[in-house]
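Asks: The structure is given below, and queries will be raised subsequently.
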Amino acid sequence: MKNIREIALEEHHDFVGAKMGMWLFLLTELILFTGLFILYAMYRVRHAAEFHAAATELDVVIGTINTLVLLTSSLTVAVGIEALKRRNRKLAKWMVLLTVLFALTFLVNKYFEWSAKIHHGIFPGADELLSRSQGEIIYFNLYYAMTGLHGLHVLVGMGILLWVYFLIARKPSEKVVVAPPNIEYLKGAQLIASKGEQERWVIDEIKDDVVEVEVVIKKDPKKAGVDIPNIIKLENAGLYWHLVDIIWIFLFPLFYLIT
Amino acid sequence: MSHHSHEEIHGIGYGILVLVWLGLVVLTGVTVVASGVHVPALAVVIALLIAATKSSLVVSYFMHLKYESRIFHVILLMGIVTIAIFIGLTFFDVLFR
Amino acid sequence: MGASNFTNSVDNIFLFILAVSVALLVGITITMIYFIIRYNHKRNPRATDIPGNVTLEVVWTVIPLLIVMGFFYYGYIDYKQMRDFPDDAMQIKVTGRMWSWLYTYPNGLQTDTLYLPVGKPVTVNLESMDVIHSFYIPAFRLKMDAVPGVPTKMWFTVEKPGSYQVLCAEYCGDRHSYMLSKIVGMPQAEFDKWYASASAEIEAQQAGTEEAGAAPAGPSPEKGARLVKLKGCVACHSLDGSRLVGPSFKGLFGKTETVIVNGKEEQITADEDYIRQSILEPSAAIVKGYPPAMPPQRNIVTDDDIEHIIAYLKTLK
Amino acid sequence: MASHAIDVQNAQENYLEVKGRWSGILSWIFSTDHKRIGILYLVSIAFFFIVAATIGIFMRLEQLTMGPTLMKPEVYNRLFTLHGVIMIFLFIIPGIPAILGNFFLPIQIGAKDVAFPRLNLLSWWLFMIGATLAILTLFLPGGLPDTGWTFYAPYSIRTGSEVSLAVFAAFILGFSSILTGLNFVTTVHRMRAPGMSFFRMPLFVWALYATAWIQILATPMVGITLLLIIVERLLNIGIFDPTQGGDPILYQHLFWIYSHPAVYIMILPGFGVISEIIPTFSRRTIFGYKLIAFSSLSIAIFGSLVWAHHMFVSGQSDLANIIFSFLTFFVAIPTAIKVFNWVATLYKGSIRFEPPLLFALSSIFLFSIGGFTGLMQATLPINVHIHDTYFVVGHFHYTMFGGTIWALIAGILYWFPKITGKMYNKKWIYVAWAFMFIGFNTLYGTMLYMGWKGMPRRYYDHLPEFHTDHVIATVGSWFLYTGILILVSTLIYAVYRGTKADANPWGGTTLEWKTSSPPPLENFEKEPVVEHEPYYHEEAIR
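Sequence lines, in order, name chains A, B, C and D.
One point on numbering: in our numbering, the residue at position 65 of the first sequence is 65, and numbering is uninterrupted.
One point on numbering: in our numbering, the residue at position 15 of the second sequence is 15, and numbering is uninterrupted.
One point on numbering: in our numbering, the residue at position 23 of the third sequence is 23, and numbering is uninterrupted.
One point on numbering: in our numbering, the residue at position 428 of the fourth sequence is 428, and numbering is uninterrupted.
Structure below.
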């Protein structure tokens with residue numbers, strides 16, 4: 001009993017709660033970028049013509065490719081989550097790996113884009129940039145700040161996805177303790193419930209008076225078992241990744257297209 | 001293991017996800033093409049509208065919001081309203097200075 | 001009559017809000033104390049549960065709302081006047097910099113004290129050369145920030161002759177609390193006399209500079225003395241040997257100093273070239289023990305100005 | 001081990017005695033128990049408070065004479081920055097939510113812990129890392145930052161002091177605050193005991209809930225603002241620098257978009273504490289429960305709409321000034337409602353006059369002065385005169401010190417027996433109160449007066465016309481400081497030598513009073529079932 005209590009204290013298994021926490025965190029990320037979008041909007045109002053001129057210098061083709069890369073990576077991670085929910089570990093693994101590869105592609109593209117600009121002397125503090133009009137200086141400073149912060153998020157997202165990949169790839173454990181609000185996550189797996197010390201029985205459905213549920217996952221040779229907490233971890237990693245995508249969906253037209 | 005009931009609860013088939021992705025790709029094409037048309041007054045509005053449509057697709061399907069309980073919708077709404085307030089009220093300074 | 005045209009109106013609205021506030025505060029406090037005594041558990045052993053009273057709660061939502069809307073309206077009327085700039089106002093440019101104020105009159109006359117005629121509206125156009133400062137005249141009940149890159153302004157009419165304190169109200173660094181100046185209000189006739197004579201002096205000087213192009217008149221210590229005050233040098237460099245932010249000017253010329261060049265110590269003599277360099281590119285060689293705080297003065301002083309200043313420094317033994 | 005609590009049979013170990021994986025100090029700094037984390041915050045935050053208060057004393061001493069007294073301007077400017085940074089970021093913002101919220105929010109809703117216990121521990125660690133980084137600037141060549149806690153650009157970009165690291169520290173502290181906020185929101189939504197509907201939650205929980213939303217929605221804004229200061233200093237990415245076309249006024253917008261709602265992060269939990277204390281000591285239910293609950297939410301909402309009232313003379317547009325002045329007045333309404341409802345709760349109560357009630361009522365009084373001086377500043381022409389003067393400093397201390405800190409003290413006094421299982425010496429608390437109350441009003445009342453006369457803030461030196469006022473204020477600071485020291489030592493003494501406390505010494509009705517003092521590891525022997533509104537006193541006449 002003591003062992004179980006410790007787990008209950010140290011690990012929460014409220015998956016809806018975990019997802020709620022993630023959404024709240026995504027709000028803070030959104031507001032973080034809002035600060036930059038406010039600055040963009042205000043400076044754009046003031047220097048519309050200069051922003052226009054500066055925007056033509058960015059390469060729309062690379063921008064579009066990167067947009068498509070990110071959109072596709074959003075698809076792969078969504079498919080991966082769906083696969084894991086269906087206990088298809090193999091497909092999930094491939095999809096997550098693919099997502100990481102797309103993220104890498106995005107960053108490599110970004111690297112070439114940035115280095116080309118830096119090569120032409122367009123980078124913060126450069127004499128070439130400082131000799132231009134104030135609107136253009138601000139435009140490029142904002143460009144570096146915003147795509148830079150976004151790139152940092154891509155990097156972090158990549159790290160999280162890799163971490164979840166290794167969690168999924170690991171051999172699933174046999175036993176998991178789950179608290180009641182997450183019953184829907186147990187659907188599709190066979191459950192053995194215990195009440196007190198002695199009583200043990202196999203059930204399909206968990207009733208209200210059960211406080212804790214011990215889940216034994218029967219391994220299916222075709223679709224190897226899945227650690228249930230990993231589903232929510234992948235879901236949350238996916239949510240984060242989609243946010244990174246959404247921010248790019250706004251950055252792309254604001255910097256590349258409004259010319 | 002009944003996959004059928006499982007899908008009903010969690011919602012999305014692979015087909016829908018791919019469809020959403022196709023929609024996003026098409027919208028990206030539209031926004032790139034639309035930027036070539038020079039209507040300065042509308043350019044920003046059109047670009048932002050398309051971006052908003054794209055992100056609502058991502059939020060609803062990829063991020064699953066369509067299938068979540070009401071509180072998740074409220075959380076997102078709080079965020080959007082906050083952002084609108086922060087940007088909107090700041091304009092009272094910069095536009096009227 | 002107040003010191004400026006706004007002094008009385010600001011005081012009145014302040015006193016009005018103060019009176020309302022004190023009345024409410026005293027009311028709340030007395031009620032609180034009365035309840036504590038009256039309903040002490042010794043006098044009132046059993047409490048009566050009152051979960052709420054809609055009428056009462058509506059009353060004390062609406063009444064405060066009306067009161068504060070009154071405050072807003074009163075303030076708004078007054079503020080509109082403050083921001084309604086008269087067309088016939090005298091235009092003064094006020095430049096804030098670390099750590100002094102510079103006043104420029106319409107004809108280009110520059111001073112470090114602001115002399116103004118009584119009874120004539122004045123528009124102050126503020127600018128800053130480095131960080132944010134705030135031009136504050138407590139007696140006029142007015143202040144406005146001087147923001148680098150963003151022009152700001154305010155207006156007032158001096159109503160009573162006298163000398164009024166000017167302060168900097170936005171924190172701007174080590175000598176923030178010494179960024180002081182004065183506004184002197186004087187009757188129109190007296191002001192005109194002062195303005196004419198001061199301007200004449202400036203014109204004579206400018207004429208002198210133009211002539212200097214043809215026949216060099218040589219640097220003048222007197223002009224240098226005026227310049228170090230006007231250009232704000234004395235905010236950081238004392239004339240009497242005391243240590244401020246930068247080294248004192250007293251005895252500086254010809255002295256041997258240890259300076260830091262590119263992180264290395266070097267010995268130099270404070271000759272004309274060193275002083276010229278220190279004005280135009282101060283961070284190139286900072287005297288050991290002092291912070292690299294001085295901004296380059298390239299757009300602030302002319303080459304001629306520097307010659308005058310060097311001439312003046314030579315006299316400070 | 002049997003618990004000392006009287007009314008608990010079948011006692012579990014209390015959270016102070018429980019044996020876990022770690023022992024000694026490690027059993028604290030690695031504990032994920034919300035109660036232990038609350039205590040961790042209590043100790044660290046109390047330490048920072050004493051440090052910052054001591055800095056305050058030195059600042060007052062500098063003003064005792066005209067001209068240099070103890071230190072040079074370079075030192076004074078760093079001290080007032082440090083005083084502000086510590087008091088704001090390390091003391092008042094985390095103060096009530098992190099100490100009392102952590103400890104009592106789960107208990108008050110009948111939960112075993114917060115939703116994310118490990119995240120909760122991470123918040124504390126981030127808090128300590130942020131604090132350490134801030135203090136590290138002391139040992140770097142540039143030294144402590146000298147910008148004031150507002151870090152206004154472009155001064156913060158130009159100064160040679162270690163602004164980057166200090167700002168990064170504040171960024172990390174913001175992160176800690178965000179994590180606490182999202183933990184609380186999730187806890188309230190997911191962890192309530194059976195029967196604990198939203199309208200049966202204690203008002204302290206309501207206040208924390210509203211606060212947590214501001215923490216989540218506003219804090220990232222200061223995060224990005226401070227990051228921009230760092231990239232501007234280190235990478236020369238000019239966003240606010242006027243020489244690169246930047247607009248310093250936009251920095252102020254971004255800064256105050258967070259920092260104004262932040263004052264509601266500071267004060268709302270204080271209101272929550274007062275809403276707990278008054279019904280308990282009046283032995284009756286609170287007057288207008290729903291109105292108080294909703295007023296917390298509306299303060300959170302209106303508080304997010306008024307940030308630019310810090311910028312009436314900053315050079316922003318006149319229209320913005322008028323709109324923000326107008327909106328500011330609306331914050332007064334929910335605040336006034338709260339005050340009136342509290343006073344009405346005393347009516348026909350059966351009042352036990354104890355130290356927590358004394359501090360709670362003093363808090364109402366002092367905060368009201370802060371509120372009224374706030375109305376003066378919301379009025380545009382008055383603000384033009386008193387902005388950036390000691391009037392603002394006085395006002396701010398009346399609201400934040402008088403409102404929040406006095407409420408925090410009231411809350412600590414109220415829950416001290418629950419947290420420690422001990423009772424303090426009430427007589428010494430009254431002595432401390434007298435010193436603090438007199439000192440407080442002498443110090444900050446004089447500041448209000450000086451500010452009206454035109455004494456600007458952040459001045460190392462002062463003009464002769466303000467000299468007498470400065471001397472009076474400095475003497476006041478000695479009284480205040482003495483009072484604080486008496487209070488702190490009385491409480492520390494009580495931790496070790498205090499008499500044993502009952503499970504419910506004050507006759508409180510919320511859930512924390514229905515478990516033992518100190519509470520067991522999982523807060524309750526048995527998950528509680530809630531059947532009444534929170535302030536249901538059985539003996540009251542209905």
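Ideal Cβ positions, reconstructed from N, Cα and C, are used throughout, including at glycine.
These numbers come from a predicted model, not from an experiment.
Which value, in whole angstroms, describes the spacing of the CA atoms of Ala145 of chain A and Tyr139 of chain A?
Replies: Roughly 10 Å between the two C-alpha positions.
Asks: Once DSSP output is grouped into helix, strand and coil, what is the label at Ala146 of chain C?
Replies: Ala146 of chain C: strand per DSSP, three-state reduction.
Asks: Candidates D:Trp206, D:Phe294, D:Gly223 and D:Phe287: which alpha carbon is nearest Val273 of chain D's?
Replies: Checked all of D:Trp206, D:Phe294, D:Gly223 and D:Phe287; the closest Cα to Val273 of chain D is D:Trp206.
Asks: Please state whether DSSP places Gly110 of chain D in a helix, a strand or coil.
Replies: Coil, per DSSP.
Asks: Please list the partners that Lys54 of chain B has in chain A, where partner means a Cβ-to-Cβ separation under 7 Å.
Replies: What Lys54 of chain B touches in chain A: Ile249.
Asks: Tell me whether Ile548 of chain D sits in a helix, a strand or coil according to DSSP, three-state version.
Replies: Since the first residue shown for chain D is 1 and the last is 542, residue 548 of chain D is missing from the structure and cannot be characterised.
Asks: Would you call the stretch 340-354 of chain D and the stretch 275-292 of chain D in contact, with 3 or more CB pairs under 8 Å?
Replies: Short answer: they touch.
Asks: Using a Cβ cut-off of 9 Å, which residues of the stretch 230-257 of chain D contact any Cβ in chain B, in chain order?
Replies: From the stretch 230-257 of chain D, only Asp247, Ile249, Leu250, His253, Leu254 and Ile257 have a Cβ closer than 9 Å to chain B.
Asks: If we ignore side chains and look at the alpha-carbon of each, how far apart do Thr499 of chain D and Pro417 of chain D end up?
Replies: One C-alpha to the other measures close to 10 Å.
Asks: Express the C-alpha separation of Lys231 of chain C and Glu265 of chain C in angstroms, rounding to a whole number.
Replies: Distance between the alpha carbons of Glu265 of chain C and Lys231 of chain C is about 29 Å.
Asks: Whole angstroms is fine: what's the gap from Phe204 of chain D's alpha carbon to Phe271 of chain D's?
Replies: Cα to Cα, the separation comes out at about 8 Å.
Asks: Using a C-beta cutoff of 8 Å, does Leu76 of chain B count as contacting chain D?
Replies: With 8 Å as the cut-off, Leu76 of chain B does not count as an interface residue toward chain D.
Asks: Below 8 Å between beta carbons: does that hold for Asp461 of chain D and Thr446 of chain D?
Replies: The answer is no: Cβ separation not under 8 Å.
Asks: Using a threshold of 8 Å, state whether the C-beta atoms of Leu327 of chain D and Val306 of chain D are closer than that.
Replies: Result yes, Cβ atoms of Leu327 of chain D and Val306 of chain D sit closer than 8 Å.
Asks: Quick one: residues in its chain with C-beta nearer than 6 Å to the C-beta of Tyr43 of chain A, no 5 flanking neighbours on either side, listed in chain order?
Replies: For Tyr43 of chain A, where only same-chain residues beyond five positions count, the Cβ hits under 6 Å are Ile138.
Asks: Please return the same chain residues whose Cβ sits closer than 6 Å to the Cβ of Phe191 of chain C, not counting the five positions on each side in sequence.
Replies: The answer, listed in chain order, is Pro117.
Asks: If contacts are defined as beta-carbon pairs under 8 Å, then Ala235 of chain C and Met98 of chain C qualify, I think. What distance do you get, rounded to the angstrom?
Replies: That pair is a contact at about 7 Å.
Asks: What residue does the beta strand (DSSP E) around Gly96 of chain C start on, and which one ends it?
Replies: Per DSSP, Gly96 of chain C belongs to the beta strand (DSSP E) from Met90 to Arg97.
Asks: Please report whether the beta-carbon of Ile118 of chain A lies at a distance below 8 Å from any beta-carbon of chain D.
Replies: Chain D, which has no Cβ nearer than 8 Å to the Cβ of Ile118 of chain A, makes this no.
Asks: Just to confirm before moving on: does the CB-CB distance between Asn120 of chain D and His189 of chain D stay below 8 Å?
Replies: Taking 8 Å as the Cβ cut-off, Asn120 of chain D and His189 of chain D do not qualify as a contacting pair.
Asks: For Arg21 of chain D and Gln244 of chain D, I'd like the C-alpha separation in whole angstroms.
Replies: Arg21 of chain D and Gln244 of chain D: Cα-Cα distance of roughly 56 Å.
Asks: Is Met71 of chain D helix, strand or coil by DSSP?
Replies: Coil at Met71 of chain D, not helix or strand.
Asks: Buried or exposed: Gln188 of chain C, going by 16 or more other Cβ atoms within 10 Å of its Cβ?
Replies: The residue is exposed, with fewer than 16 neighbouring Cβ atoms inside 10 Å.
Asks: Please decide whether Ser9 of chain C counts as near chain D, where near means a Cβ-Cβ distance under 8 Å.
Replies: True, the Cβ-Cβ gap to chain D drops below 8 Å.
Asks: Any idea what DSSP makes of Cys233 of chain C, helix, strand or coil?
Replies: Helix at Cys233 of chain C.
Asks: Closer than 7 Å: is that where the CB of Leu119 of chain D sits relative to any heavy atom of the ligand GTP?
Replies: The model on display carries no ligand, and the ligand GTP is accordingly not part of it.
Asks: Could you tell me the distance, in whole angstroms, from the CA atom of Ser220 of chain C to the CA atom of Gly454 of chain D?
Replies: The straight-line gap from Cα to Cα measures roughly 41 Å.
Asks: Give me the Cα-Cα distance between Asp87 of chain C and Lys93 of chain C, rounded to the nearest whole angstrom.
Replies: Looking at the two C-alpha atoms, the distance is approximately 16 Å.
Asks: Would you tell me roughly how many angstroms separate the C-alpha atoms of Ser115 of chain A and Val108 of chain A, rounded to the nearest one?
Replies: In a straight line, the C-alpha of Ser115 of chain A is about 11 Å away from that of Val108 of chain A.
Asks: Grab the span of the beta strand (DSSP E) containing Pro145 of chain D for me, first residue to last.
Replies: No beta strand (DSSP E) holds Pro145 of chain D; DSSP gives it neither H nor E.
Asks: If I follow the unbroken beta strand (DSSP E) through Val54 of chain C, where does it start and stop?
Replies: Note, Val54 of chain C: premise wrong, no beta strand (DSSP E); alpha helix (DSSP H) at Val54 to Met82.
Asks: Considering only their Cβ atoms, is the gap separating Leu180 of chain C from Val166 of chain C smaller than 8 Å?
Replies: Cβ distance < 8 Å, so Val166 of chain C and Leu180 of chain C count as in contact.
Asks: Within a Cβ cutoff of 6 Å, which residues of the same chain sit near Lys314 of chain C, ignoring the five residues on either side of it in sequence?
Replies: The residues are Phe253.
Asks: Among residues of its own chain, excluding the 5 on either side of Val495 of chain D, which ones have a beta-carbon nearer than 7 Å to its beta-carbon?
Replies: So the list reads Thr420 and Lys422, once near-sequence residues are dropped.
Asks: Who are the Cβ neighbours of Leu291 of chain D in its own chain at under 8 Å, not counting the five residues just before and after it?
Replies: These residues qualify, in order along the chain: Ile337 and Asn341.
Asks: Looking only at its own chain, which residues have a Cβ that is under 6 Å from the Cβ of Ile256 of chain A, when we skip the five neighbours before and after it?
Replies: For clarity, residue 256 of chain A is Tyr in the given sequence; the question names Ile instead. The residues are Leu58, Val60 and Gly63.
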